[in-house]
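Working notes, structure below.
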Amino acid sequence: MNTRQNQSVYIFQFAFLVLSIGLLYSRFMISLGMIFFLVGALWDGNLKVKFGRFLNNKYYLAVTGIFLIFLISGLWSENTDYFLNRMRIKLPFLFLPFAFFASPKIDKLVMKRLMFLFIGIMLSSAIWSTLMFLTDIEHFIEIYKKGQIIPTPIHHVRYSILISISVLFCIYLILNPLKALIPKEKTLLLLVILFLTGYSHLLAVRSGLLTLYIVLACWLFFYIKMKGRPEIAVGLIIGAVIALLLASSYVPTIRNKIAYTRYSIELFKKNENIRELSDSRRLGSIIAGIELTKENPITGVGIGDLMDETNEFLKEHYPDLTDLELLPHNQYILTSTATGIPAMFLFILFTVLPLFYKKGYGDILIFAGQMLFFASFMVEHTIESQIGVAVYIFILLFSMKNRESTESSLP
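Here this note's numbering is used: the first residue of the sequence shown is 53, the next is one more, and so on.
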């Protein structure tokens, strides 16, 4: 590498640090980190060559395509202000794929050190959250009966997914160790996995548990693939099932969360007192999305009119849920509602395509990461907030960049 390329790599690392911290503590730092990624990509010049190559890379272009899907629906959106707000949130899909593509290839050792950094940031926040729980255990156990949770740095759903991603990074580092990785470091990573897994169950966020189990299942799959011992899977699966049963019975936060979910569903069926129940809002918004898709299967209602149309449906069928700024609580249903069924299939194609970047389906970081997000899409409108977009595109592009990183040449 020449001097400017080396400087570009340093800018990339700084951007990673800023964005990682921003995910937990500052929306401004999220935006700043993304800007630094772009600055790093532009630092060493050759923009015409880089952009030409970018246009020929269907995998990075697919990520940008997600922005275009929603942009086109603006042609039939009447609420211009809301349309512009939605596109502002999705703006990283337009420029960040190019920023990562145009950055120099980065040493594997550097990429793995960045993973350690990310793990450390998330681990410290999970320790803080656990300590908060320990300050008043009875109070926090009790509030789970009301659908509330222990303190987290950001919204608990996004945060629980970040914890699952941290577990994935730990697993990747164990399966693909640094040259200098020693037994103590491997033991430390295993302890971090154990702690974060326990913390996820304490937090008891369904999206977080779902994504965690998917990451652990992928670990099992890749481990068996590497070792060629399927009998290990049987014992681990049995152990996992037993652990889940025990957790649902003896972990108070999970037990209370299950009770709250059942209570919410019963009230939703009766259409009684559903305004303050998060599960009722989820179910109502999803039903609204499905029905609106049936009415507008080809073009959808337009991303700009999505909230207005959802609210109108809820006003007619679930009046207690009106004026809550609800969107269909499923990314696939939301996409079909806003842009139509054909565009939803295009969205699925664009999100699946990165799995094939340099045979990424054989890399647990890309494979498990994408499976994690696909699961999140099923139960959340993941990329409809600044943090949601940042988490998805940051981890996806980082995984792709890691796939193309060079072999370590550092001491």
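Virtual Cβ for every residue (Gly too), placed ideally from N, Cα, C.
Quick caveat, the model's predicted, so the values are computed rather than measured.
Whose C-beta lies closer than 8 angstroms to the C-beta of residue i among residues of the same chain, with five residues either side of it excluded?
i, result
"L462", "For L462, the pLDDT reaches just 39, beneath the cut-off of 50, and the residue's location in the model is therefore unreliable, although a value from the coordinates is still provided. Within the same chain, L462 has close Cβ partners D159, L161 and V162."
"I82", "L71, G74, L75, Q438, I439 and A442"
"L378", "R333, G336, S337, A340, M359, T362, N363 and L366"
"R79", "Q438 and I439"
Can you list, in chain order, the residues of its chain whose CB lies under 6 angstroms from that of residue i, leaving out five sequence neighbours each side?
i, result
"A114", "F402 and L405"
"A427", "L262, T263 and I266"
"Y413", "L407 and F419"
"V431", "S259"
"L166", "F68"
"A93", "A151, A154 and S155"
Between which two residues does the alpha helix (DSSP H) containing residue i stretch?
i, result
"H191", "I189 to I195"
"A427", "I416 to V431"
"G85", "R79 to L94"
"K453", "Q438 to E456"
How would you label residue i, buried or exposed, when you count the other beta carbons within 10 angstroms and need 16 or more for buried?
i, result
"T55", "exposed"
"D188", "exposed"
"I63", "buried"
"E459", "Bear in mind that a pLDDT of 47 at E459, under 50, signals an unreliable position, so the number given afterwards is only what the model happens to contain. E459 comes out exposed."
"L246", "exposed"
"V61", "buried"
"W271", "buried"
"K157", "exposed"
"V244", "buried"
"P349", "exposed"
"H381", "buried"
"L248", "buried"
"P144", "buried"
"F429", "buried"
"M452", "buried"
"L373", "buried"
"R138", "buried"
"I385", "buried"
"D331", "buried"
"L241", "buried"
"Q383", "buried"
"I149", "Residue identity check: residue 149 is Pro in the sequence provided, not Ile. Buried, since its Cβ has 16 or more Cβ neighbours within 10 Å."
"F103", "exposed"
For residue i, tell me which candidate among the options has the shortest Cα-Cα distance.
i, options, result
"P304", "F153, H253 and S72", "H253"
"C222", "K279, R210, L136 and K164", "K164"
"I342", "V101, P156 and T387", "T387"
"F135", "M359, V443 and G392", "M359"
"V209", "A178, Q422 and V257", "V257"
"E436", "L376, R140 and P149", "R140"
"R455", "M278, Y224 and G291", "Y224"
"I416", "Y196, I226, I201 and Q383", "I226"
"V219", "I171, K236 and Y77", "I171"
"M423", "G85, K110 and L268", "L268"
"F106", "K236, R79, F88 and F147", "F147"
"M396", "N98, V101 and I118", "I118"
"K142", "L123, Y196 and I215", "L123"
"F468", "Y77, F450, S78 and G85", "Only positions 53 to 463 of the chain appear in this structure, which leaves residue 468 out of reach."
"M475", "G250, I290 and N228", "Residue 475 is absent from the structure shown; the chain starts at 53 and stops at 463."
"L214", "S176, K238 and E318", "S176"
"Y77", "N108, I173 and W128", "I173"
"K197", "L329, K411 and F168", "L329"
"H369", "P149, R327 and I290", "R327"
"W180", "I206, L169, I195 and E190", "I206"
"K411", "K102, Y111, F80 and L99", "Y111"
"E347", "R314, I317 and I393", "I393"
"A178", "D375, Q200, I276 and G250", "G250"
"F168", "K238, T116 and K100", "K238"
Quick one: residues in its chain with C-beta nearer than 7 angstroms to the C-beta of residue i, no 5 flanking neighbours on either side, listed in chain order?
i, result
"T132", "G356"
"F365", "A340, E343 and L344"
"L398", "I121"
"S212", "S252, L255, V257, S259 and G260"
"Y444", "F425, T434 and I435"
"S125", "G352, G354, I355, A390 and T391"
"P447", "In the sequence on display, residue 447 carries Ile and not Pro. I217 and G421."
"Q57", "D96 and P156"
"L90", "F147 and A151"
"F450", "none"
"M184", "I202 and P203"
- Message: List, from N- to C-terminal side, the alpha helix (DSSP H) runs of 4 residues or more that fit wholly inside the segment 326 to 397.
- Response: 330 to 347, 358 to 369 and 383 to 391
- In chain order, which alpha helix (DSSP H) runs of at least 4 residues are fully inside the segment 104 to 158? The segment 104 to 158 contains these whole alpha helix (DSSP H) runs: 110 to 124, 132 to 141 and 144 to 154.
- Uninterrupted alpha helix (DSSP H) stretches inside the segment 210 to 282 (no shorter than 4 residues): 235 to 255 and 258 to 279
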